[in-house]
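K.L.:
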Amino acid sequence: MRVGDIAVGRAGDKGPILDLTLVAKDDAAYALIEKAVTAGAAEKALARVAPGPVMRYEVPGLRALKFVAPEALPGGVYATLHAGVHWQKAAIWVLLELDI
Amino acid sequence: MKPVRTIAAGAGFAGDRIDPAVALAASGVVDTVVLECLAERTIVPGLRAQRANPEAGHDPRLKRRLSPLLPVASKNKCRIISNLGAANAAAAGRAIGRLAKDLDCKGLKVAAVIGDDMMGRQDKIAWDVSFNGELLGARAYLGMAGINEAIDGGADVIVTGRVADSALFAADLVPHLQPGDDALAGAVAVGHLLECAGHLTGGNYEGPGGGGLSAEEFANLAYPLARVNADGSAEIGILDNAPGLLNVLNCTLQLLYEVHDPSRYITPDAILDFTGVRFTQTGPNRVHMTGARITGRPTHLKVSGFVEYDGCIADVELGFAGKGALDRARTSVDTLKRRLSNWSPESMRIDVVGIDSILGGASLSAPADLPEARVHISARCDDLEAAQIIEDEVIALTVSGPAGGGSIRSERRPRVEVVSGLIPRELVPTRIEWSLS
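Chains as they are written, first to last, in our numbering: chain H, 1 to 100; chain Y, 101 to 537.
#1: Of all the CB atoms in chain H, is at least one closer than 8 angstroms to the CB of residue 304/Y?
#2: Quick one: using the 10 Å Cβ neighbour count with 16 as the cut-off for buried, is residue 537/Y buried or exposed?
#3: For residue 47/H and residue 356/Y, I'd like the C-alpha separation in whole angstroms.
#4: Starting from residue 82/H, trace the beta strand (DSSP E) in both directions and tell me its first and last residue.
#5: Given this structure, state the Cα-to-Cα distance separating residue 171/Y from residue 200/Y, to the nearest angstrom.
#6: Hey, residue 110/Y and residue 124/Y: beta-carbon distance below 8 angstroms or not?
#7: Would you mind working out which of 294/Y, 313/Y, 420/Y sits nearest residue 266/Y, comparing C-alpha positions?
#8: By the 7 angstroms beta-carbon criterion, what residues does the stretch 454-470 of chain Y contribute toward chain H?
#9: Within this structure, are the beta carbons of residue 140/Y and residue 518/Y separated by less than 8 angstroms?
#10: Counting only beta-carbon separations shorter than 8 angstroms, does residue 27/H have a partner in chain Y?
#11: Output needed for residue 77/H: all residues of its chain with C-beta closer than 7 angstroms, excluding positions within five of it in sequence on either side, in chain order.
#12: Taking 8 angstroms as the CB-CB cut-off, is residue 493/Y touching chain H?
#13: Quick check on this structure: which residue in 213/Y, 290/Y, 278/Y, 220/Y has the alpha carbon closest to the alpha carbon of residue 255/Y?
#14: Does any CB atom of chain Y fall closer than 8 angstroms to the CB of residue 43/H?
#15: Using a Cβ cut-off of 7 angstroms, pull out every chain H residue sitting near residue 362/Y, in sequence order please.
#16: Once the 5 residues before and after residue 613/Y are set aside, which same chain residues still bring their CB inside 6 angstroms of it?
#17: Taking CB distances under 8 angstroms as the criterion, tell me whether residue 314/Y reaches chain H.
#18: With residue 416/Y and residue 494/Y assumed to form a contact (beta carbons below 8 angstroms), what rounded beta-carbon distance in angstroms separates them?
#19: Quick check: residue 138/Y and residue 169/Y, are their CB atoms within less than 8 angstroms of each other?
#20: Tell me whether residue 362/Y is buried or exposed, calling it buried when 16 or more other Cβ atoms sit within 10 Å of its Cβ.
#21: Apart from the five residues on each side of it in sequence, which residues of its chain come closer than 7 angstroms, Cβ to Cβ, to residue 273/Y?
#22: What does DSSP give as the partner residue(s) for residue 428/Y in the beta ladder?
#23: Determine which residues of the stretch 508-524 of chain Y have a Cβ less than 9 angstroms from any Cβ of chain H, and write them out in chain order.
#24: Is DSSP giving residue 336/Y helix, strand or coil here?
#25: 8 angstroms is my cut-off, CB to CB: does residue 403/Y come that close to chain H?
#26: Which residues, taken in chain order from the stretch 406-417 of chain Y, show a beta carbon closer than 8 angstroms to some beta carbon of chain H?
#27: With H, G and I counted as helix, E and B as strand and the rest as coil, what does DSSP make of residue 219/Y?
#28: When the Cα of residue 389/Y is compared with those of 377/Y, 383/Y, 399/Y, which residue comes out closest?
#29: Which residue marks the beginning of the alpha helix (DSSP H) containing residue 352/Y, and which one marks its end?
#30: May I have the straight-line CA-CA distance separating residue 10/H from residue 204/Y, to the nearest angstrom?
#31: Would you call the stretch 178-195 of chain Y and the stretch 129-137 of chain Y in contact, with 3 or more CB pairs under 8 angstroms?
#32: Quick check: what's the CA-CA separation for residue 150/Y versus residue 490/Y?
#33: In chain Y, what lies closer than 8 angstroms to residue 78/H by C-beta?
#34: What separation, rounded to the nearest whole angstrom, lies between the Cα atoms of residue 54/H and residue 179/Y?
#35: What are the start and end residues of each continuous alpha helix (DSSP H) run of 4 or more residues lying completely inside the stretch 243-270 of chain Y, in chain order?
#36: Relative to the C-alpha of residue 280/Y, which residue among 393/Y, 347/Y, 324/Y is closest?
See below:
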């Protein structure tokens, strides 16, 4: 099962900081992603595209996890060497495609 | 509980659609339409334009966006608040006053909120990082105060430069709410929810397992409104019979969007704890929100600085089609790496569009072939000559590389980095400039 089968997600940014949100569809789904998508798992999954440390915040009352990568976008989104600008909008798919 | 104020988002970025705001103002059910038109770096072209012309520097879409909106908003007594002043709110205020006259909207009071420009107080800014490029501009994120002064003065249209997006909404709500932190927390949370407009109503959203709105729905997407109660709780919704998707999942995504620590979201007027927020679906495309809390007020305001470096980023692509297109694109990647082996690998990126140009191959595995594939290179170049070398090396592949290379695309982007700093809030006073139509 993909994370994206039981949760929704969105990617955002501020300056060099990549900010990812997952929201589980119900309590059982939250329990699964809370266990599987650790900060370490997110850091490993993002390493190929946005290396650096990842911090995780849990919001059980909203069945949500936040992943904040403060060094993922050096110089901000316009300093990127990816094709075009704003590649980071797609970054949530790194987490949504994780197999759990 | 009966709502005391209805506020709507008519735009979520500078180039956003114009018709949703007109529909909201025309509905007669909305007290205020907010147009959020200033993303983090959107101000940079304005800073450049203002250097060349003191009356420029506001969003160049001002006339196109406001021409259909001002008459209907004026007729329905619907207030407009927008940060489309960008780098030059004062000039935007004057331009809106002139436009309102041209449109025969008589008696409109237009207020421009001035005070975000920190270039004269650079010595008071504590930057997060050191930088050695040229500082194009430094703008503080203002809070509600200037907008509230404009409201007290009877403004029909309020235009600002850099203001925290959520404050554009909260300033309009707070005069109608109970005093105290809980109502203020609700007002800021409503603003934060609405500030990205279509993000809250089904845009940039896919449900669990896939699926989203149809093309017909996206093409006519309703933008959100909030019916806000005196205690700061609110019902989020869209206009009746308008297409959109508003549910607990996308409200939660947007509440937590770009907040970093959800228990400590720092805005100019309040530090918020969103962990106690609760959403309830109360009807089709109607979601009730309650439970935002305030934990403090920041002593400093955030300042964004825009630092320009010499040179540019060269971003060049070359396409292939037919059997073996992907192989030929991959051979081109390898060829470019050999041709540019004396360049620092950290200052360039070479990949294949359709395979690994966005996520570096970190999502799905690649297929064996594609009907079409594009090789992409971006390189950080110290001068335009270096950018020309990159472009030339790509074009050389059309005659000295794999067969059939073409569909060349080449662009050069200025090297502008965004830096953050803090400034004591007492050093950021605001004032109002009025224009009348």
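Note that the Cβ used here is the ideal one computed from N, Cα and C, for glycine as well.
P.N.:
The short version:
#1: Indexing the second sequence from 1 puts residue 304/Y at position 204. Residue 304/Y counts as touching chain H.
#2: In the second sequence, counting from the first residue as 1, residue 537/Y sits at position 437. Burial is judged here by how many other beta carbons sit within 10 angstroms of a residue's own beta carbon; residue 537/Y has at least 16 and is buried.
#3: Taking the first sequence and counting its residues from 1, one reaches residue 47/H at position 47. Taking the second sequence and counting its residues from 1, one reaches residue 356/Y at position 256. Cα to Cα, residue 47/H sits roughly 23 angstroms from residue 356/Y.
#4: Residue mapping note: residue 82/H aligns to position 82 of the first sequence, counting from 1. Premise fails: residue 82/H is in no beta strand (DSSP E) and is neither H nor E.
#5: The sequence position of residue 171/Y within the second sequence is 71, counting from 1. The sequence position of residue 200/Y within the second sequence is 100, counting from 1. Straight-line Cα distance between these residues: approximately 8 angstroms.
#6: As a position in the second sequence, residue 110/Y is number 10, starting the count at 1. As a position in the second sequence, residue 124/Y is number 24, starting the count at 1. Yes, these two residues count as a Cβ contact at 8 angstroms.
#7: Numbered from 1 along the second sequence, position 166 holds the residue referred to as residue 266/Y. Selected option, being the one with the closest Cα: 294/Y.
#8: 457, 458, 459, 460, 461, 462, 463, 464
#9: Looking up residue 140/Y in the second sequence gives position 40. Looking up residue 518/Y in the second sequence gives position 418. Yes.
#10: In the first sequence, the residue the question calls residue 27/H occupies position 27. By this cut-off, residue 27/H is not an interface position.
#11: Numbered from 1 along the first sequence, position 77 holds the residue referred to as residue 77/H. If we look at residue 77/H and ignore the five residues flanking it on each side, its Cβ neighbours are 13, 85, 86, 88.
#12: Mapped onto the second sequence, residue 493/Y falls at position 393. With respect to chain H, the C-beta atom of residue 493/Y has no partner C-beta closer than 8 angstroms.
#13: Working through the second sequence from its first residue, we reach residue 255/Y at position 155. Residue 213/Y is the option with its Cα nearest to residue 255/Y.
#14: Reading the first sequence from its first residue, position 43 is the one you call residue 43/H. Chain Y contact via Cβ: absent.
#15: In the second sequence, counting from the first residue as 1, residue 362/Y sits at position 262. Chain order gives the chain H residues near residue 362/Y as 57, 59, 66, where near means a beta carbon separation below 7 angstroms.
#16: Residue coverage of chain Y in this structure runs from 101 to 537, which leaves residue 613/Y outside it and unanswerable.
#17: Indexing the second sequence from 1 puts residue 314/Y at position 214. It does not: the Cβ of residue 314/Y has no partner Cβ on chain H nearer than 8 angstroms.
#18: Counting from one through the second sequence, the residue named residue 416/Y turns up at place 316. Counting from one through the second sequence, the residue named residue 494/Y turns up at place 394. About 5 angstroms separates the two Cβ atoms, so the contact holds.
#19: Taking the second sequence and counting its residues from 1, the one referred to as residue 138/Y is at position 38. Taking the second sequence and counting its residues from 1, the one referred to as residue 169/Y is at position 69. Not closer than 8 angstroms, so no.
#20: As a first step, residue 362/Y is located in the second sequence; it is residue number 262 there, counting from the start. Answer is buried; the Cβ neighbour count reaches 16.
#21: Residue numbering aside, residue 273/Y sits at position 173 when the second sequence is read from its first letter. So the qualifying residues of the chain are 105, 107, 287, 290, 328.
#22: If you number the second sequence from 1, residue 428/Y lands on position 328. For residue 428/Y, which the question treats as bridged, DSSP gives no partner whatsoever.
#23: 511, 513, 514, 515, 516, 517, 518, 519, 520
#24: Against the second sequence, residue 336/Y aligns to sequence position 236. DSSP places residue 336/Y in strand when its eight states are reduced to three.
#25: Counted from its first residue, the second sequence places residue 403/Y at position 303. Chain H contact via Cβ: absent.
#26: Listed in sequence order: 413, 415, 417.
#27: Here residue 219/Y refers to the residue found at position 119 when the second sequence is read from its first residue. Residue 219/Y: helix per DSSP, three-state reduction.
#28: To locate residue 389/Y, count along the second sequence from 1; it is residue 289. For residue 389/Y, the nearest C-alpha among the options comes from 377/Y.
#29: Within the second sequence, residue 352/Y is the residue found at index 252, counting from 1. 348-355 is the span of the alpha helix (DSSP H), which, as asked, contains residue 352/Y.
#30: Walking along the first sequence from the start, residue 10/H turns up at place 10. Walking along the second sequence from the start, residue 204/Y turns up at place 104. C-alpha separation (whole angstroms): 43 angstroms.
#31: yes
#32: Counting from 1 along the second sequence, the entry for residue 150/Y is found at position 50. Counting from 1 along the second sequence, the entry for residue 490/Y is found at position 390. Residue 150/Y and residue 490/Y: Cα-Cα distance of roughly 32 angstroms.
#33: One-based indexing of the first sequence puts residue 78/H at position 78. What residue 78/H touches in chain Y: 141, 513, 516, 517, 518.
#34: Here the question's residue 54/H lines up with position 54 in the first sequence. Here the question's residue 179/Y lines up with position 79 in the second sequence. So the two alpha carbons sit approximately 42 angstroms from each other.
#35: You should have 245-252.
#36: Mapped onto the second sequence, residue 280/Y falls at position 180. For residue 280/Y, the nearest C-alpha among the options comes from 393/Y.
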